[in-house]
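Residue numbers (the UniProt record's numbering): 1 to 280.
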């Protein structure tokens, strides 16, 4: 084995409502360096690194170094724009990619609280939460890893009690029409201030920021799922942009570049909607 990247959905069907998939990313070539950018998404991941230390030189860059005997848990929440990752091999990482409101069924505190911790304290938080034999979790057999993760999250599962916010998220994520803060407030009988508090507590972003990410990711995934065959005018119309120029402006405000330029560099990594830019 030198390099692998594979994804697996949970074997336990009921977990699929909360966890989209697990991914397993390994590179055993000592000194090999991989750099990529990933972009804003409503699905968010908890990543566990084995024998690695993760350093954050700034808010948009992490570098992973080999560090024997060290485990590191990385959770960044909703990325509002983009993030650059620099991986120095050897490394072995497990990613747990949650549905938009999935993580809340497994954590004891709010996402807002967790993201106010330093990266080091955040890693310790998740290591204490999982309380598992990490050496056993990182079994050489991928199927055993999936089974171990299923068991772990089955034990951590609890009911998320904010039924109103579940309904709001169903509307935001699964609704066919674009929505805004005022419409959500009126439909669910909440003040905009209460709505702001709920989004801050669960995602550490404002409703406006979250809706911007939803709109961006819908259009982004659609374009990639169509094998880049749809034109930007049709894409803009389909996702309720005023025109193509508004779509391009919105896209650049998140990615830092134009859709035409970026999509040339985006690669799909598996059967899941994992799109990374390695040309950095």
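C-beta atoms are modelled at their ideal positions from N, C-alpha and C, and glycine is treated no differently. These numbers were taken from a predicted model, which means no experiment stands behind them.
{"Check": "Within 10 Å of its beta-carbon, does residue 242 have 16 or more other beta-carbons around it, so buried, or fewer, so exposed?", "Outcome": "exposed"}
{"Check": "By how many angstroms is the C-alpha of residue 272 removed from the C-alpha of residue 266?", "Outcome": "14 angstroms"}
{"Check": "Would you report the Cα separation of residue 212 and residue 199, rounded to the nearest angstrom?", "Outcome": "13 angstroms"}
{"Check": "For residue 277, which residues from the same chain have a beta carbon less than 8 angstroms from its beta carbon, with the 5 sequence-adjacent residues on both sides left out?", "Outcome": "36, 37, 38, 39, 262, 265, 266, 267"}
{"Check": "Check residue 174 in the structure and name its three-state DSSP category.", "Outcome": "helix"}
{"Check": "Going straight from the alpha carbon of residue 111 to that of residue 205, what length do you get?", "Outcome": "10 angstroms"}
{"Check": "Can you look up residue 35 in the DSSP assignment and give me helix, strand or coil?", "Outcome": "strand"}
{"Check": "If you follow the beta strand (DSSP E) that residue 7 is in, where does it begin and where does it stop?", "Outcome": "3-8"}
{"Check": "Below 8 angstroms, how does it come out for the stretch 177-189 and the stretch 68-84: are there three or more Cβ pairs, yes or no?", "Outcome": "no"}
{"Check": "Along the alpha helix (DSSP H) that carries residue 245, what are the first and last residues, could you check?", "Outcome": "244-255"}
{"Check": "Relative to the C-alpha of residue 255, which candidate in 25, 6, 64, 83 has its C-alpha closest?", "Outcome": "83"}
{"Check": "Locate the beta strand (DSSP E) running through residue 64, then write down its first and last residues.", "Outcome": "61-75"}
{"Check": "Tell me the DSSP bridge mates of residue 82?", "Outcome": "39"}
{"Check": "In three-state DSSP terms, what is residue 91?", "Outcome": "strand"}
{"Check": "Looking at the strands, I want to know which residues DSSP matches up with residue 47.", "Outcome": "74, 95"}
{"Check": "What separation, rounded to the nearest whole angstrom, lies between the Cα atoms of residue 13 and residue 139?", "Outcome": "22 angstroms"}
{"Check": "Which word fits residue 104, buried or exposed, when buried means at least 16 other C-beta atoms lie within 10 angstroms of its C-beta?", "Outcome": "buried"}
{"Check": "Considering only the alpha carbon of each residue, which of 220, 196, 235, 189 lies closest to residue 81?", "Outcome": "220"}
{"Check": "Assuming residue 268 is part of the beta strand (DSSP E), what are its boundary residues?", "Outcome": "266-268"}
{"Check": "Taking the alpha helix (DSSP H) that residue 238 belongs to, which residues open and close that run?", "Outcome": "232-238"}
{"Check": "The alpha helix (DSSP H) that contains residue 199, what's its start and end?", "Outcome": "192-203"}
{"Check": "Kindly list the residues whose CB is nearer than 6 angstroms to the CB of residue 115, restricted to its own chain and excluding five residues on each side of it in sequence; keep chain order.", "Outcome": "77, 204"}
{"Check": "State the start and end residues of the unbroken alpha helix (DSSP H) segment that holds residue 222.", "Outcome": "207-225"}
{"Check": "Is the beta carbon of residue 41 less than 8 angstroms from the beta carbon of residue 79?", "Outcome": "yes"}
{"Check": "Looking at the structure shown, is residue 277 part of a helix, part of a strand, or coil, going by DSSP?", "Outcome": "strand"}
{"Check": "Looking only at its own chain, which residues have a Cβ that is under 6 angstroms from the Cβ of residue 270, when we skip the five neighbours before and after it?", "Outcome": "7"}
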